[in-house]
Amino acid sequence: MASMTTFSLRPALRRGRTAWLLAATAIALWCAVAGTAGAATTPAFTNYPAPPPLGQDAGEPSIGIDWKTDQVLYQAGLQTLKVDFSSAAPAWRDVSSTITSLQGLDPILFTDHSTGRTFVSQLLGACSLMAFSDDDGASWTQNPLGCGIGAAADHQTVGGGPFHVGVLGPLTGYQHSVYYCAQAVVSAQCSVSQTGGAVFDPATSIYNMTQCNGLHGHLKVGPDGTAYVPNADCGGLAAAVTSTDNGLTWKVDAVPGSSTQDESDPSIGVGSGGSVYLGYQGKDGHPYIAVKRPGGTWTTSTDVGAALGIQNVQFPAVVAGDDDRASFAFLGTTTGGDDQAATFAGAWHLYVATTYDGGASWSTVDATPTDPVQRGCIWLGGGSNTCRNLLDFIGSDIDSHGQVHVAYADGCTASCPSGGTNTHTALATIARQTAGTGLLSAFDPPLATPASTPSGG
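Under the numbering used here, the first residue of the sequence shown is numbered 37, with each subsequent residue one higher.
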């Protein structure tokens with residue numbers, strides 16, 4: 037709620053009609069601001085599946101949006117897909133680079149909003165193949181050594197943003213940092229590129245087995261250049277591992293009172309003023325999120341699924357816009373128990389929780405109310421388990437107007453949505469915000485309610 041300013045009208049009356057009009061205008065402006073602050077409306081989402089043969093193998097997808105063009109880039113296995121939402125029916129197109137479309141283990145995509153550069157990484161042993169594009173996939177610069185010397189061999193992440201003030205900085209015309217991080221379960225290493233992804237500096241350890249042993253999530257860079265890598269288990273707590281010197285040194289910043297469960301990656305979003313939002317799966321299986329303001333401490337974690345009775349979640353994905361606005365997407369089910377057991381019978385949906393007041397309150401909606409994303413278990417233990425079809429994570433981003441886009445793999449298609457057995461597919465799908473207030477207040481008021489919501493499968 038906007039803070040109230042007290043206006044005295046007596047001096048205005050004494051100074052005449054002009055001063056009175058000025059005072060009245062000030063009151064009207066305050067009312068408008070107060071009204072806007074309290075006028076946020078709950079988001080609604082439309083689901084867009086990729087048309088075959090595109091996006092049929094989209095386990096653990098990632099998504100990036102070029103704010104210069106608002107083109108959406110979606111990584112689905114070995115395919116890099118461009119999605120154009122400028123017309124009523126979105127156009128999907130395969131724009132994969134040669135080097136990242138032939139082989140790989142873990143696919144990752146990241147788009148830097150302000151530069152428009154998109155990076156695609158495919159894990160290959162102790163390093164990764166990488167390609168980057170400045171024209172939304174029309175052309176690519178390919179890098180067969182897309183990591184720093186000494187990088188670990190699993191679950192890599194790529195991110196970037198402004199350099200923090202310090203000894204390291206850009207060495208070419210590309211002014212932003214690019215980070216590559218990977219892990220070996222009980223340790224993780226990150227390297228930074230000062231050349232826009234062409235060459236990476238040697239990797240630096242960001243934690244060791246005495247500090248953290250959980251999986252790390254996707255790296256994010258704040259507006260001041262601080263780098264954040266979320267981790268699921270640092271002494272039993274969810275944490276942000278941070279660097280304020282462009283990757284030279286790292287510090288573990290655990291959330292007091294938090295907990296961890298399974299192997300689902302936590303996720304971080306950083307607001308325009310540097311506020312950090314850390315979403316994670318708690319020990320009880322519920323979706324929690326904590327907030328840290330610049331110079332402050334972590335807030336008490338909030339269970340954003342409590343009002344809807346959500347008992348188990350997987351795949352947190354957080355994105356922030358304005359400093360007091362953030363979105364927390366995840367797959368969730370109201371069925372309790374061991375969600376990785378073969379006998380688990382829950383139906384999973386995509387949920388999105390949103391805050392417009394810096395985490396003081398959250399509104400959570402079911403973005404797939406008539407079309408479950410999965411029926412039964414979600415397996416995170418690796419190998420060839422039948423319930424391994426969705427793999428390890430989903431992704432989210434916002435466009436230049438602050439509308440949230442969530443990339444997920446749909447495992448429940450054909451007759452599954454109407455009650456049939458799970459198909460264990462991995463269909464590339466985007467839940468796109470098409471109604472409600474976005475995450476950038478400059479583009480308020482909220483969108484109108486869409487006429488229809490196409491099915492995800």
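Note that the Cβ used here is the ideal one computed from N, Cα and C, for glycine as well.
Note on Ala75: under 16 other CB atoms within 10 angstroms of its CB, so exposed under the neighbour-count rule. When DSSP reads this structure, Gly472 sits in a beta bridge with Leu483.
As the crow flies, the alpha-carbon of Ser164 is around 18 Å from that of Ser241. For Arg129, the enclosing beta strand (DSSP E) has its first and last residue at Ala127 to Asp130. Comparing C-alpha distances from Cys226 to each of Gly91, Pro89 and Pro266 shows the shortest one belongs to Pro266. Membership of Thr82 in the beta strand (DSSP E) is indicated by the continuous run Ala80 to Pro85. Contact between Ile346 and Thr370 holds: CB atoms are separated by about 6 Å, below the 8 Å threshold. The residue among Leu426, Pro238, Met166 and Gly447 with its C-alpha nearest the C-alpha of Val409 is Gly447. One alpha carbon belongs to Leu207, the other to Asp281, and they sit about 16 Å apart.
Looking at Trp176, Leu159 and Ala112, the one whose alpha-carbon comes closest to that of Gly182 is Leu159. In the DSSP annotation of this structure, the continuous segment of the beta strand (DSSP E) that includes His441 starts and ends at Val440 to Asp446.
Here the alpha carbons of Val156 and Thr231 stand approximately 16 Å from one another. Around the beta carbon of Met245, fewer than 16 other beta carbons lie within 10 angstroms, which makes this residue exposed.
Excluding sequence positions up to five before and after Ser436, its CB lies within less than 7 Å of the CB of Trp103 and Asp106, all in the same chain and listed in chain order. In the displayed model, Ala396 falls within coil according to three-state DSSP, outside both helix and strand. Two segments are said to touch when three or more pairs of C-beta atoms, one from each, lie closer than 8 Å; by this definition the region 330-343 does not touch the region 402-417. Scanning the region 375-431 for uninterrupted beta strand (DSSP E) segments of 3 residues or longer gives 383-391 and 399-402, listed from N- to C-terminal end. Assigned with DSSP and collapsed to three states, Cys270 falls in strand.
For His191, the enclosing beta strand (DSSP E) covers residues Asp190 to Gly197.
Out of Pro87, Ala94 and Pro79, the CA that lies nearest to the CA of Tyr444 is found in Ala94.
Following the DSSP letters along the chain, one finds Pro352 inside the beta strand (DSSP E) bounded by residues Asn348 to Ala356. By the neighbour-count criterion, in which 16 or more other beta carbons inside 10 Å mark a residue as buried, Asp393 falls on the exposed side. Across the set Thr457, Gly431 and Ala162, the C-alpha of Thr457 shows the shortest separation from the C-alpha of Gly412.
Phe168: member of the beta strand (DSSP E) spanning Cys163 to Ser169, first to last residue. Our two residues, Thr77 and Pro352, have alpha carbons roughly 23 Å apart in a direct line. Of the other Cβ atoms in all chains shown, fewer than 16 fall within 10 Å of the Cβ of Leu141; this residue is therefore exposed. In this structure, Leu314 is the residue among Leu314, Cys248 and Lys319 with its C-alpha nearest to the C-alpha of Lys328. Nearest in C-alpha terms to Thr335, of all of Val312, Gly357, Val354 and Asp320, is Val312.
Ala365 sits buried, since 16 or more C-beta atoms from the chains shown fall within 10 Å of its C-beta. The shortest CA-to-CA distance from Val388 to any of Gly372, Gln439, Phe479 and Pro85 is the one to Gln439.
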